[in-house]
Amino acid sequence: MVVDIVKGASLRKAARFKMIGLTDSIATITAYANDEGYETVFEEPLRNFARPGDLVMGISGSGNSENVLRAMRLAGETGCRTVGLTTGEGGALKDLVELALAVPSSHMGRLEDCFFIMTHVLCYAFMESD
1 MVVDIVKGAS
11 LRKAARFKMI
21 GLTDSIATIT
31 AYANDEGYET
41 VFEEPLRNFA
51 RPGDLVMGIS
61 GSGNSENVLR
71 AMRLAGETGC
81 RTVGLTTGEG
91 GALKDLVELA
101 LAVPSSHMGR
111 LEDCFFIMTH
121 VLCYAFMESD
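Here the sequence shown is numbered in this note's numbering, starting from 1 and rising by one per residue.
Below you can see the structure in the form of structure tokens.
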């Protein structure tokens, strides 16, 4: 998803997106998981990057993944704008974000497909704008 926005929605545009995926560095995830606990693997690296006004997107199939919830709490406390992609009822994630997009399915494969479609629609909106 990150590559679609960083490359796809930014290519040949004057305004370029600055975006990172907190899942991109397995070494960072492993270091935090081993030393601080798996629930911190997104929250702690986010402390290094999040600034007021940034957009932070959390993705959780259940809406209750503690590592995602902690990151989204931090994002809100930091003054970031927040979006959550989740399923069905949205779990706890829906209450932590400004915009919750919940797909009514419990089939993880179909959910992942829907999440990719949503991000592609967003990318095309950026790509087709002036």
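Backbone N, C-alpha and C define an ideal beta-carbon position, used for all residues, glycine too.
Every value quoted in this text rests on a predicted model; they were computed, and no experiment measured them.
Q | Beta-carbon proximity list for M1, same chain, < 6 Å, skipping 5 on both sides | A | Walking along the sequence shown from the start, residue 1 turns up at place 1. Result list for M1: T119, in chain order.
Q: Out of S62, G58, L85 and T86, point me to the one whose CA is closest to R73's CA.
A: Position 73 of the sequence shown holds residue 73. R73 has its Cα closest to that of G58, out of S62, G58, L85 and T86.
Q) Cα separation between R110 and P104? A) Looking up residue 110 in the sequence shown gives position 110. Looking up residue 104 in the sequence shown gives position 104. Going by the C-alpha atoms only, they are around 10 Å apart.
Q | Spatial neighbours of G76 in its chain, beta-carbon cut-off 7 Å, leaving aside the 5 residues before and after | A | Locating residue 76 in the sequence shown gives position 76, where the first residue counts as 1. Only T82 and L96 meet the Cβ criterion.
Q: Could you spell out where the beta strand (DSSP E) holding M57 opens and where it closes?
A: Within the sequence shown, numbered from 1, the residue matching residue 57 stands at position 57. Unbroken beta strand (DSSP E) run through M57: L55 to I59.
Q | Cα-Cα separation, L55 to A100 | A | Counting from one through the sequence shown, the residue named residue 55 turns up at place 55. Counting from one through the sequence shown, the residue named residue 100 turns up at place 100. Computed Cα separation, rounded: 13 Å.
Q | One or two residues paired with G84 in a DSSP bridge | A | For the purposes of this step, residue 84 is identified with residue 84 of the sequence shown, where counting begins at 1. G84 is bridged to G58 and A100.
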